[in-house]
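Plus 7 on top of the position in the sequence shown (first one is 1) and you've got our numbering.
Just so you know, even glycine gets a beta-carbon here, dropped at the ideal spot from N, CA and C.
One structure is given below, encoded as C-alpha cells.
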Amino acid sequence: MTTRLSRDIATLEPRYDVVVVGSGYGAAIAACRLARAGQSVCVLERGREFDRFPTTLGAAKDELSFTLTTREASARLGNPNGLYDFRVNDDVNVFQGNGLGGTSLINANVALRPTPEVFEGDAWPDALVEDGGEGLERGFQRAEAMLQPTPYPAGAPELKKLSALERSAEALGAGHCFYRPPINVAFEDRVNAAGVTQVACNLCGDCVTGCNTGSKGTLTQNYLPDAVRHGAEIFTEASVRHVERQGDGWVVHFDALCAGRELFGDQELFVRAGRVVLGAGALGSTEILLRSAARGLSLSPRLGARFTGNGDVLAFAYNADERIDGVGAGDDEPDPEHPVGPCITGIIDLRDREGVAHDMVIEEGSLPGLARDFLGGALAVAAKLDGEDTDSGFMDSIGERLRQWGIGGKALDHTQTFLVMSHDDGAGRLELDGDHVRVHWEDYADQPIFEEVDRTLYQASVPLGATYVRNPGSTEMLGERLVTVHPLGGCPMGADASRGVVDHAGRVFRGDGAEGAVHEGLYVLDGSIIPRPLGVNPLLTISALAERACEIMAQDAGWDASQIVRGVDATTPVGAAGPRPVGVEFTETMRGWIDLDPEAEAGPAAAARGKDVDAAFEFTLTVGVDDIRAFSRDPLATATMFGTALAPVLSDGPMTVHDGRFRLFVPDDDRVRRRRMEYSMNLETIEGESLRFTGWKEVRDDAGIDVVADTTTLFFHVDDAAGARRGAGQLVIEPLDFARQLRTMKATGASSKLEGLGALARFGGLFAGSLLDVYAPFFAGDSANTVTRKDPSALGTSANLTVDVPPRERRAIAAPVPEVHPLVTADGVELRLLRYRAGDRRPLLLLHGLGVSSRIFTIDTIEQNLVEALCAAGHDVWLLENRTSIEVPAAHERFSGDEIADHDYPAAIAHLRRVTDFDQIDVVGHCFGGTTLFMALLSGMTGVHSVVTSQTAAHVVAPLMTRLKSGLHLPGVLDLMGVDSLTAYAGEHPTWRASLFSKLLRLQPLEAEEWCSSSVCHRIAFLYGPLYEHDRLNRATHEALREMFGVANIDAFAHLARMVRAGHLVGANGSERYLPHLDRLDLPITFIHGSENACFEPATTRRTHDALVERFGPDRYSYHLIDGYGHIDCIFGAHASRDVYPAILAHLDRFSPA
C-alpha cells in the first residue's frame, strides 16, 4: 500500500519557520533535519508525487517535458510539469527528474565519494575543511547511514552486463579497477533506516524511468518520509518564482501548477518563512536567484558561474557478439532467465591515475524497457551513420545483420550502455533567458577530456565485439551537444561574494555588504553549490554537504543538534496511507467591485458604489474535492479552496488565500427550493494583514429560469481579523472566464482517463441534480417527485426494488414442499436456506450466480428444472440464498466475493453438517456461485466432498468485450458516478431515465441471432455479457427473465473485473490469496461449460481442469463442453434436462451413490 507524503496545497499555512524549495537530495535532507530540530517546515516541490511510474512508451510520452532555450528559439514542449525534464541548450543539454524526490526518482542511485584530491585547490572555500574535514566526514557518514548503499550482492543472479563491463576493464588493463559500487537499492525485504518497508529489487532494470517496486532508495523512501514523520508539510505542483526579504523574514513567491490556473494569467501565491532553503537543483535554484536578483535582491556577481556537467558522457557498445541484457522489462514481467539488475551495478574506477584532470569512472547502465523499440531503431541508425565496428569479418557481419533483423536475438539485447563521469573545465555559465535559465558554454564538446573518454570507450567495446556508438547527440550532424544528467554549479560556494554565491555552509552572500556578509536565513543546499566537477556520481557529496550545513545551521540557531540524528520512531505515522482517492478540481475567476463602507450590504448596490470609485475586486480560486464519493454522499461536505485575490483598495499586491472552504448547494433553512453555494477563506496580504472573506451564490426558483445568473453571481463581504466589516460587494463570472473555467475541470487521483471521466460525471450529476431540485417545476412532464425519487428501473440503484412483474399462470414444480432455514453468518448477515428433501442421500447444496437467486434452479417455465431433476434422483437438495441473492436484503449492500467465500459458505456448510449428520456435502455452483466456491475452498474451507461447477473455476478467461470493460475499470467508473449497484430489472412502467437507458442499450453490438426487443435482455447483456443463446430458451423463460434477474452491487462487479484483468482468482484488493493453494482442490470435480459462453470462455474451466489433472491425475476430474449452449442456459435452457443435467447426475451417482 502506498503512502502519500504530500498535502493539498489548500492546507498551506501563511508562515513557517523554514520553507524548503525542491525535494532533491539537499532539499530533502534540509526538510528532514530541520523538522527533527523542531522547526515548522514547508516543502514546495515543482513536480508531482508519483504513485506509479510509466512502463509503456505511451505513458512516458505524457511525462516528457522539453524546455528549449537556444539562440534560435525559446519554447516549452510536451507536459510542462512532466517527470522527464529535458533542457535543450546551444552547447550542452540537461536531463533531470521533476517530481517529489527530484532526480532520485530516475537516477541509478550510485553512492560514491569523490577522491580527496577533488577537495584540494582554490575552488572550495578553506572553511570547508578547516576542521580537518571532520564536519564533512560526519556528513558523509550520516548520509550513508540514511541511504544505506550496498553493492550488488555476490550471491545474486549473474548479470551479463556486469560481466561484460569486467571484460572491458581487463581489456583496458584495469581489471584491478573494476568493482561493484555501493548503490541505494534494497536486495532483501527490509525496514530501512527511515522506518519505511522496502521489498527486494526484482532486477527489472527500469531504474531510470522510475522504480515501481519501492526497492530503489529514492528520497521518497528515506529522507522525505522521515521529514513528514517529524512534522514537515510537503506541497507538490508549487513552482517557486522568486524570494524577497521582508522585515526579519522572507517571502517565497510561487505558482500553483494545477487546475489550469495558467489560463487566468499571472497568479502568484506567497508564503512567509523565517528561513528559506533553496534545493531546486543546479538549474532551479540558480534560476530562482536570478529572478530574485532581477527584482532587487542583492547577490554575488558569481551567480550562474562555474556550471559543470560533471564530465558526463553517454555511449554504447552496440550489437555485441554476446548477450548483454541491458534493457529493462518495461511493461513485461522481469525475465528470470535474463535478469537485467539495477541500472548500474559495476564500475571501472580510473581515478588516481595522472591527476584529477584525467580521472574518469565508467559504469554500465540499463536502457528503459518502455523505449525498447524506439531505442533499437535509433541506435541502429546511429551505428550506421557514426559507429565504429571494433571487429570485422564476413561471419561477424552476418551475425550482426541477423541480430538487427531480430533473428537469433536482438541487437539491443546485445548492447552495453556506458555511463562516464570525468572532469570538464567547469566553465559553463547559467543565464536568465526570458523566464528560464539557459546554459552558455561555447566549445563544451571540444574539451580534451571528451576525446580521452572517447578513446577509452572504444577500447572498452573491443572485447565485446561491438560497434562503438558515441552519444548520438554529440555528433556533428546533431550540433555536437553532449548531455549531462549531473548538472552542478551555478551557485558555487566560495570564501566571499567575489568568489562564490554561498559560503561553505550554503549561506547566501549579499552582493552589497561587507566581505563575507550573508543574507540571514537564506540558504542554498543542492548540486548548484558544488564549484567544480566531482568525476563521480554526485548524490553522496551533495548529501554530505547538506548534512554538514544543517548541523551548522542548528548550532548557529541554538537548536538541539542531538535531535537531528536521533533514531527513528517507526510507529509514528508517515503521510496518508493508501492511494489518493479520486477527486475533482477546477479553477474559477470572478470579478466585480467592493464598497468599503462598513455598513454596506452585499449585492448589486454595493458593487455599483464600488465601481464608481474604481474599487475593483477579483479572485482566482482553485476548488478541490479530494474524494468525490464522500463529497457526493454528504450534503454538508466541504471542498477546499486556494488561490489569490486582487483588491488594490485593500492591498498593494495579490492576497494569498488560506483556509478556503467551498460548499455546493447547501439547503436554505427558510426556503425549500433555494440552495446556496458558500465560499469562505482567509486573505493574507503582502503587508501582513489577515482578512476574512465570506461569499455565497443563491440558486432560487424565481419566476423563470435564471440558472446562469444564479450560479455565476456571488455576494460577499470582507472582515478584518477582529471581525469588523471592511467592505461588501458582488462578483460575477464573465463569459470568457467561464469558458476558461470549463477547460480547467479535471479529475485528480484517477487511475485511468475513464475513471477520471466518471469522477467528473459524478460531480456534474451532483451539480445538475441540485439544480433540478430547484427548477423542477419549470420542466413540463416531470413533477418534483419524479425528479427526486429513486427509480428502481434505472441502471444503478441502492434502493430496494418493488418489482411490478405482470401476473402469469404458474405450474407446481415436481418436488417436495421446501423447508425454510434462516441463516446468520459470522459477520451478521441474514441469509436463507431452502431444503427440498426428496431422499436421504448425501446433502447437495446449490449455489446461484450474481444478480439472481436460487429461482434459476426452480423456474417453472421449462419442462423439468434442475431441482426437479435432482429430486427425481432422490437427492436431499439445499438452495442457499447467499448475500448476492436478489431475494435477501443483503443484496443491496456493498461486498465482494471475499465476504461470500469467507462467511456465507462456511456458515451454510456448518448448518447442513449439523442438521443432516453428514460430515461432508456435495456442491453444485453456477457462475459467481462457482467462483466464490473455489475461493472458499482455496481459502481452506472444509466439509465439501465433491463439486460440480458450471462455467467458472479458479482461472478466468473472458471474451474481448468483457476484457475491455474490465481493462477500462468500468465498475470503478460507475462507482465514481454514484452507482452503488446495478440492476437488470426494467419495470412495466419505467421513468424517462430508465426508458432512455433501455433504448441506448439496444445499440450494443450483438450477433444478429442474439438480438431481441427485451429491455431486461439488453440490460443483462450490458452487465454480464450475453448469458445465453436465445435459441436455447423458450418464450416463457425469456419473458420470465425479469423474475430471475435483479440488483447486484458494484463492489462485486469490481472484484470480477479485477479477476478478469488478472486471469485468475484474486482477492478484492488484488492479493494472491487463492491460486497458490491449488493443492486444496484435491477432491472430485466435474466442470461444465457452454461452448458458446460469451461471458467466460471455455478456457476458464479448462485451465483449472488441466492444472488439477496435471497435479493429481485424471481419475476424479471430468470436463463437459456443452455444444451450442452459452452460460446460464446450461441451467434453465429449454432442453437442459436432456443436454446438461445428465452430466451433473452422473457425477453425483459416481461419487455419492445412493
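Across the structure, Ala163 and Gly108 are spaced so that their CA atoms are roughly 28 Å apart.
The DSSP-derived three-state label of Ile866 is coil. When secondary structure is reduced to three states using DSSP, Lys753 falls in the strand class. Taken atom to atom, the span from the alpha-carbon of Val591 to that of Ala1143 is near 50 Å. When only Cα atoms are considered, Gln46 and Phe1103 end up about 59 Å apart. Here Val347 really is in contact with Gly333; their C-beta atoms are around 7 Å apart, less than 8 Å.
Per the C-alpha coordinates, the member of Val725, Thr424 and Glu141 positioned closest to Ser687 is Val725.
Taking C-alpha positions only, Phe626 is separated from Val543 by approximately 49 Å.
Counting C-beta atoms within 10 angstroms of its own C-beta, Ala561 has 16 or more neighbours from the protein chains shown and is therefore classed as buried.
Scanning Gly734, Glu694 and Leu529 for the CA closest to the CA of Pro605 turns up Gly734. Contact between the stretch 155-169 and the stretch 437-453 is absent: fewer than three C-beta pairs spanning the two stretches fall below 8 Å. Boundaries of the alpha helix (DSSP H) harbouring Leu873: Leu873 to Ala879, taken from the DSSP string. Counting along the chain, Phe935 sits inside the alpha helix (DSSP H) bounded by residues Phe935 to Leu945.
By the C-beta criterion, the stretch 885-899 is judged to be in contact with the stretch 826-838, since at least 3 inter-stretch pairs fall below 8 Å.
In this structure, the alpha-carbon of Ala35 lies about 54 Å from that of Pro1105. If you compare the alpha carbons of Arg862, Tyr475 and Val203 with that of Asp393, the shortest gap goes to Tyr475.
A straight-line Cα-Cα distance of about 23 Å links Gly221 and Thr755. Just so you know, the alpha carbons of Gly31 and Arg53 end up roughly 11 Å apart. Contact annotation, Leu532 with Val99: C-beta distance approximately 24 Å; criterion of less than 8 Å not satisfied.
In summary, Lys223 is buried, with 16 or more beta-carbon neighbours lying within 10 Å of its beta-carbon over all protein chains present.
Relative to the Cα of Ser860, the nearest Cα in the group Cys934, Gly520 and Thr110 belongs to Cys934.
Cβ-Cβ separation between Thr10 and Pro232: approximately 7 Å, consistent with a contact (criterion under 8 Å). Contact check between the stretch 257-270 and the stretch 504-522: fewer than three CB pairs, one atom from each, fall below 8 Å, which does not count as touching.
In the DSSP secondary-structure assignment, Ser697 is bridged to Glu691. In the DSSP assignment, Gln253 falls within the beta strand (DSSP E) that extends over Ala245 to Gln253. For Glu1050, the enclosing alpha helix (DSSP H) stretches over residues Leu1048 to Met1051. Taking C-beta separations shorter than 6 Å and ignoring five residues to either side along the sequence, Ala301 has no partners in its chain.
By the Cβ rule, the stretch 107-125 does not count as touching the stretch 61-77, because fewer than three pairs are nearer than 8 Å. Proximity of the stretch 322-332 to the stretch 463-478 meets the contact definition, three or more beta-carbon pairs being nearer than 8 Å.
Considered as a whole, the stretch 450-506 harbours 474-476 and 489-491 as its complete beta strand (DSSP E) runs of no fewer than 3 residues, in chain order. Rounded to the nearest whole angstrom, the C-alpha separation of Arg1080 and Val1073 is 6 Å. Taking C-beta atoms under 8 Å as the contact rule, Thr647 and Gly660 fail to qualify, at a distance of about 23 Å. Comparing C-alpha distances from Val620 to each of Arg149, Gly736 and Gly667 shows the shortest one belongs to Gly736. Less than 8 Å separates the beta-carbon of Glu371 from that of Gly353. Between Ile559 and Cys498, the gap from beta carbon to beta carbon reaches 8 Å or more. Rounded to whole angstroms, the separation of the alpha carbons of Tyr230 and Thr956 is 53 Å.
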